[in-house]
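> Quick one: the structure is below, questions incoming.
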Amino acid sequence: MTIELKDGERLDDLQRNHYQIIQHPEKFCFGMDAVLLSGFAKAKRGDHILDLGTGTGIIPILLSAKTEAEHLTGLEIQKESADMARRSVLLNDLQDRIEIVTGDIKEAGSIFAPASFEVVTSNPPYMIAEHGLANPNEYKAIARHEICCTLEDVIAASAKVLKPGGKLYMVHRPFRMAEIMQTMSAFGLEPKRLRMVYPYVDQEPNMLLMEAVRGGKSGMTVEKPLIINEMPGVYTREITELYSF
Numbered sequence: 002m003t004i005e006l007k008d009g010e011r012l013d014d015l016q017r018n019h020y021q022i023i024q025h026p027e028k029f030c031f032g033m034d035a036v037l038l039s040g041f042a043k044a045k046r047g048d049h050i051l052d053l054g055t056g057t058g059i060i061p062i063l064l065s066a067k068t069e070a071e072h073l074t075g076l077e078i079q080k081e082s083a084d085m086a087r088r089s090v091l092l093n094d095l096q097d098r099i100e101i102v103t104g105d106i107k108e109a110g111s112i113f114a115p116a117s118f119e120v121v122t123s124n125p126p127y128m129i130a131e132h133g134l135a136n137p138n139e140y141k142a143i144a145r146h147e148i149c150c151t152l153e154d155v156i157a158a159s160a161k162v163l164k165p166g167g168k169l170y171m172v173h174r175p176f177r178m179a180e181i182m183q184t185m186s187a188f189g190l191e192p193k194r195l196r197m198v199y200p201y202v203d204q205e206p207n208m209l210l211m212e213a214v215r216g217g218k219s220g221m222t223v224e225k226p227l228i229i230n231e232m233p234g235v236y237t238r239e240i241t242e243l244y245s246f
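Structure below.
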C-alpha cells in the first residue's frame, strides 16, 4: 500500500517482514529501548496486547512480527504521533491486527474494558519533573519527561486493564528501580523478572527491563546482564541478533 509522507517525515526499514515505520526526526524517533522491550516481552498465541504510550507504533509493529498475539493496540496521547502510527500500520497491511487509539494513559481504564488484555507493554517517560531540563521540543519532552503521565499513572492503568495473571513489561532507568517495584506492588502487580542493561561490560547499567504479573506470588528472577557494546561502534552478538530479528 502506498502511504503519503507529510513534511519532514521519513520511512525507516525495520528489517523484519519488510516492515517500515514512518517517523519525524525533529519530533521523536524510536530508540534501542523500544527494541529491547520488544525482545524482552512475551506473548502467546491468541493474546491481546496493549502498548501504553505507543508513540509512532514501533512496539506493536515489532511484536506483531515476533509473536502470535491475536491483536495489538497502541494508546498514544500525541495526535501527530498517533497519526504516523496509524499510517505505518496501513503501510505494513497490519490493520487487521493492530489498532492505534488516541487517548490519555490516565484514562485507559475507561477507554478499554477492565481486565481485557493478557499483556501490557510500556516505554514510559523516564524523567521526573525535577530531573534535568525538559527538552524544548514539546514532542520529545512529552516522550521523555513526566509531563502528560507519571510512572504511577502507567502502572495504575496497567493494573486496571490486565487480566488476573496478565503481564506488564516495562523498560525504564535503574535510578528509579525501587520506586518502580514499590509502585507495582502497591497496585497488585508483582515484579517477577528483571534484566539490567549495560552500555559496556565495565560500566554501570543505564536501562532495566521488568516483568510484573497481576496478582502474582512473590519471588523474582534476575536474569544475566544484557551488554550492548563490545567496543565503540561494535554491538555484542546478542544485540546484533536482536536487531536482526
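With the sequence shown counted from 1, adding 1 to any position gets you the numbering used here. Ideal Cβ positions, reconstructed from N, Cα and C, are used throughout, including at glycine. Note that the structure is a prediction, hence the values are computed from the model and not measured.
Within the continuous alpha helix (DSSP H) that includes T184, where are the two ends?
T184 -> alpha helix (DSSP H) spans M178 to A187.
> Out of curiosity, what's the CA-to-CA distance linking I181 and E153?
Taking the straight line joining both Cα atoms gives about 8 Å.
> Based on Cα-Cα distance, which residue from L92, F41, R46 and L76 lies nearest to L12?
Nearest C-alpha to L12: L92.
> Between E100 and M185, what straight-line distance do the alpha-carbon atoms span, to the nearest angstrom?
About 27 Å.
> Can you give me the start and stop residues for the beta strand (DSSP E) that S89 sits inside?
Where S89 is concerned, there is no enclosing beta strand (DSSP E), although the alpha helix (DSSP H) it sits in stretches over K80 to L92.
> To the nearest angstrom, how far is the alpha carbon of I228 from that of L53?
Rounded to the nearest angstrom, the two C-alpha atoms are 26 Å apart.
> Give a yes or no on contact between the segment 148-168 and the segment 202-221, applying the rule of three or more CB pairs nearer than 8 Å.
Yes, since at least three Cβ pairs between the segment 148-168 and the segment 202-221 fall closer than 8 Å, the two stretches touch.
> Leaving out the 5 sequence neighbours to the left and right, which residues in its chain are closer than 6 Å to A70 when beta-carbon positions are compared?
Hits under 6 Å: A44, D48 and I50.
> Pick out whichever of S123, T122 and V102 has its Cα sitting closest to the Cα of F113.
It is V102 whose Cα lies nearest to the Cα of F113.
> CB-CB under 6 Å to A116, same chain, minus the five flanking residues each way: which ones, in chain order?
Once the five neighbours on either side are set aside, the close Cβ partners of A116 are K164.
> What number of angstroms, rounded off, separates the C-alpha of D203 from the C-alpha of D8?
Approximately 43 Å between the Cα atoms of the pair.
> Can you tell me which of V198, V235 and E231 puts its alpha carbon nearest to the alpha carbon of K225?
K225 has its Cα closest to that of V198, out of V198, V235 and E231.
> Quick check: the Cα distance between G220 and G189, rounded to an integer number of angstroms?
Rounded to whole angstroms, G220 to G189 spans 14 Å at the Cα level.
> If we ignore side chains and look at the alpha-carbon of each, how far apart do H25 and V155 end up?
Those two C-alpha atoms are separated by around 25 Å.
> Within 10 angstroms of the Cβ of A109, are there 16 or more other Cβ atoms? Answer buried if so, exposed if not.
Burial call: buried.
> Could you check whether M171 and S123 sit closer than 8 Å to each other, using their CB atoms as the reference points?
Yes; because the gap between Cβ atoms is below 8 Å, this pair is in contact.
> Between the C-alpha atoms of I129 and L38, what's the straight-line distance to the nearest angstrom?
Distance between the alpha carbons of I129 and L38 is about 21 Å.
> Can you tell me whether DSSP reads I229 as helix, strand or coil?
I229: coil per DSSP, three-state reduction.
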